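Encoded as structure tokens, the structure appears first; notes follow it.
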Amino acid sequence: MTEFALALPVLLLVLVGTVVFGIAFNNYETLTFATNIGAQQLSISRGPTGDPCATTASGVKNAAPFLNTTHTLYTIVLNGVTATTASANPSCSSYQSDVGEGDTATVTVTYPCSLQILLFNPAPSCLLTAQTSVIIQ
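Using the working numbering, you'd call the opening residue of the sequence shown number 2 and step up by one each time.
What follows is the structure, given as structure tokens:
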């Protein structure tokens, strides 16, 4: 019984730490997938009307419904020009002319993560970042 009482806190700490790390890793994988989807949506959505940044953010939000995207930071570079660095709802309708066939676009999405293990947070300013570059179709 004494050995169990001494080992239980350590085992619980390892178990909770594994679960927290697993959730953070799942969020990272989801963010990477959603960033790829948003960049693909941007690559096929050129035209005379529309907002390429809002299209990208919509693709990311739709591909990651379980992430809280209100704290998400988007950096979208269209043909070498940084179109936006905004959170939640980016808009760059004035950059529609920078979205031409054969041009490149880079989408970077940053999402905050929490590695809180009981009362200890080993990385209080943890950020998950995913980046994808595409060629506009």
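We put the CB at the ideal spot given by N, CA and C, even for glycine. Bear in mind that the values here come from a model prediction, so they are computed numbers and not experimental data.
Suppose you measure from the CA of residue i to the CA of residue j; what does that come to, to the nearest Å?
{"i": "glycine 51", "j": "glutamine 41", "result": "16 angstroms"}
{"i": "glutamate 102", "j": "isoleucine 24", "result": "38 angstroms"}
{"i": "valine 78", "j": "leucine 9", "result": "50 angstroms"}
{"i": "threonine 19", "j": "tyrosine 96", "result": "44 angstroms"}
{"i": "arginine 47", "j": "leucine 119", "result": "47 angstroms"}
{"i": "threonine 133", "j": "proline 91", "result": "17 angstroms"}
{"i": "phenylalanine 26", "j": "glycine 81", "result": "31 angstroms"}
{"i": "threonine 73", "j": "valine 15", "result": "29 angstroms"}
{"i": "leucine 13", "j": "phenylalanine 121", "result": "14 angstroms"}
{"i": "leucine 68", "j": "threonine 86", "result": "19 angstroms"}
{"i": "glycine 60", "j": "alanine 131", "result": "14 angstroms"}
{"i": "serine 94", "j": "valine 17", "result": "45 angstroms"}
Determine, using beta carbons only, whether residue i and residue j come nearer to each other than 9 angstroms.
{"i": "alanine 89", "j": "threonine 71", "result": "yes"}
{"i": "asparagine 37", "j": "tyrosine 112", "result": "no"}
{"i": "leucine 43", "j": "valine 135", "result": "yes"}
{"i": "asparagine 55", "j": "alanine 35", "result": "According to the sequence as given, residue 55 is alanine; it is not asparagine. No, these two residues do not count as a Cβ contact at 9 angstroms."}
{"i": "valine 100", "j": "proline 53", "result": "yes"}
{"i": "threonine 33", "j": "threonine 76", "result": "no"}
Would you please state the rounded distance, in angstroms, between the beta carbons of residue i and residue j? I believe it to be under 8 angstroms.
{"i": "valine 21", "j": "leucine 116", "result": "6 angstroms"}
Going by the DSSP bridge assignment, what does residue i pair with across the sheet?
{"i": "phenylalanine 121", "result": "Ile118"}
{"i": "proline 113", "result": "Leu128"}
{"i": "tyrosine 96", "result": "None, per the DSSP bridge assignment."}
{"i": "alanine 35", "result": "In the DSSP output, where bridge partners are listed per residue, alanine 35 has none listed."}
{"i": "alanine 6", "result": "Answer is none; alanine 6 lacks a bridge partner."}
{"i": "serine 134", "result": "Thr107"}
{"i": "serine 85", "result": "Note that residue 85 corresponds to threonine in the displayed sequence, not to serine. Per DSSP, Ile77."}
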